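Numbering (our numbering), first residue to last: 1406 to 1768. What follows is a set of notes on a single structure, which appears directly below.
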Ligand SMILES: Nc1nc2c(ncn2[C@@H]2O[C@H](COP(=O)(O)OP(=O)(O)OP(=O)(O)O)[C@@H](O)[C@H]2O)c(=O)[nH]1
Ligand SMILES: [Mg+2]
Ligand SMILES: [Zn+2]
């Protein structure tokens, strides 16, 4: 059995909760997201909980519904009744991505670029990249832009070092590209390099593992726990992709302190967030840009282009400029659609006929 404190409950949450306590609600943390319900952990143990009508009706968009890691206020009307989630406590951080068709059939106004909360109140994201075909700087940059937006810190974990001849070079390359991010090479399967990872696990700290399918997120959690707790999947030989073994988001509470969240592999990482965070990742290019002769320089054929000059001198990577420009364009489109949708949000209405408490599907 766990105490709420083991899950990260502290005085700050306690004081936020006072309001709900007065209503007779019970504090709990969402520990698993299932198709039509949630698992929650309360002081008295684990239980199933459902969305209350109240919360469902109040949710203007998908991001307002509970997600794994959320602290919630539960109500149980009578002993033996199911627990109902009445409120989601304001999030300390939240890791989101751009969702495809948000509310699906349950809502009359499905947004095309709504926010899907992947995990809430996360302190650290372990970004797991496999040292096979999965390792691409452009991909890491996409993930970093999402994580930066969340308020969580990133630790980059390069897994499968056992099958990579030059993993040390990859570590150096990643460190050079992202000086603000700690980088560790490990082999989850050989339990090599895990000691460095353990130093991040502390009571009260929540860590979410993110990455593509098959990179070894569940294997790493098993290595940390020291047991075959989570199912681990095969990977396809042809392209070293995973088979989406982990299907639900699940929390693992560690006896040595700390909480890990296992996630299904992300299929495509659509960018989401603010321009400032993107600029943080590409600070070198952003600083150079200011020195271009034209303020609207595309760093293409314009004369006096400082970025182009730096590329020629080998100071920055042409590929890196390319991924910056792609991400920037993508982000601008997403934000534009988001603005347009916001205008509609206030008049959002729900279909009267809805079946039960359908929680929107993660995919
Ligand atoms: N060579 C090698 N293989 C590994 C390592 N870690 C994991 N694998 C293998 O990679 C495959 C996928 O591992 P999983 O842990 O299921 O990957 P996952 O990231 O949880 O995948 P999803 O749940 O589908 O998102 C399994 O066959 C593992 O045995 C490693 O360090 N080295
Ligand atoms: Mg998995
Ligand atoms: Zn330029």
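Note that beta-carbon positions come from the ideal geometry of N, C-alpha and C, so glycine has one too. On a predicted model such as this, the values are computed, not experimentally measured, just so you know.
Contact test: residue i Cβ vs ligand 2 heavy atom, cutoff 6 Å
i: residue 1850; result: A query on residue 1850 cannot be resolved here, the shown segment of the chain reaching from 1406 to 1768 and no further.
i: residue 1623; result: yes
Residues bridged to residue i [DSSP beta-bridge criterion]
i: residue 1408; result: Note: residue 1408 sits in no beta bridge, so no partner.
i: residue 1476; result: 1434
i: residue 1534; result: 1563
i: residue 1454; result: 1443 and 1488
i: residue 1615; result: 1532
i: residue 1521; result: 1502
i: residue 1655; result: 1437 and 1667
i: residue 1592; result: 1597
i: residue 1586; result: Bridge partners of residue 1586: none, in fact.
i: residue 1462; result: Looking at the DSSP assignment, residue 1462 forms no beta bridge with any residue, so it has no partner.
i: residue 1558; result: 1529
i: residue 1493; result: 1477
Heavy atom of ligand 3 within 6 Å of residue i beta-carbon
i: residue 1691; result: no
i: residue 1712; result: yes
i: residue 1702; result: yes
i: residue 1697; result: yes
Closer than 6 Å: residue i CB and nearest ligand 1 heavy atom
i: residue 1620; result: yes
i: residue 1593; result: yes
i: residue 1567; result: yes
i: residue 1483; result: no
i: residue 1495; result: no
i: residue 1670; result: yes
i: residue 1649; result: yes
i: residue 1637; result: yes
i: residue 1769; result: What is shown of the chain runs 1406 to 1768, which leaves residue 1769 out entirely.
Unbroken alpha helix (DSSP H) run spanning residue i, endpoints
i: residue 1685; result: 1680 to 1686
i: residue 1600; result: 1599 to 1603
i: residue 1707; result: Neither: residue 1707 is in no alpha helix (DSSP H) and is coded neither H nor E.
i: residue 1630; result: 1622 to 1630
i: residue 1636; result: First-last for residue 1636: undefined, no H or E at that position.
i: residue 1696; result: Element bounds for residue 1696: n/a, residue is neither H nor E.
i: residue 1423; result: 1416 to 1426
N-terminal and C-terminal residue of the beta strand (DSSP E) that residue i is part of
i: residue 1665; result: 1664 to 1667
Check: residue i C-beta below 6 Å from any heavy atom of ligand 4
i: residue 1564; result: In the structure on display, ligand 4 does not appear, and the ligands it does have are ligand 1, ligand 2 and ligand 3.
Minimum Cβ-Cβ distance from residue i to chain D less than 7 Å
i: residue 1704; result: Looking for chain D here will not work: only one protein chain is present.
Checklist entry - Quick check: the segment 1626 to 1637 against the segment 1574 to 1587, are there 3 or more CB pairs under 8 Å? => result no
Next on the checklist: For the pair the segment 1484 to 1499 and the segment 1446 to 1461, tell me if three or more CB-CB distances fall below 8 Å.
Outcome noted: yes
Checklist entry - Is the segment 1442 to 1451 close to the segment 1470 to 1486, with three or more CB pairs under 8 Å? => result yes
Next on the checklist: Taking 8 Å as the cut-off, does the segment 1542 to 1554 touch the segment 1563 to 1571 (at least 3 CB pairs, one atom from each stretch)?
Outcome noted: no
Checklist entry - Would the segment 1713 to 1723 and the segment 1683 to 1695 be scored as touching if the rule is three or more Cβ pairs under 8 Å? => result yes
Checklist entry - Are the segment 1679 to 1686 and the segment 1702 to 1709 touching by the rule of at least three beta carbon pairs closer than 8 Å? => result no
Item to check | Stretch pair the segment 1541 to 1551 + the segment 1590 to 1603: three plus CB contacts closer than 8 Å | outcome: no
Next on the checklist: For the structure I just gave you, are there three or more beta carbon pairs, one from the segment 1603 to 1622 and one from the segment 1529 to 1545, closer than 8 Å?
Outcome noted: yes
Next on the checklist: Can you confirm whether the segment 1586 to 1598 touches the segment 1519 to 1526 when touching is taken to mean that 3 or more C-beta pairs between the two stretches lie within less than 8 Å?
Outcome noted: no
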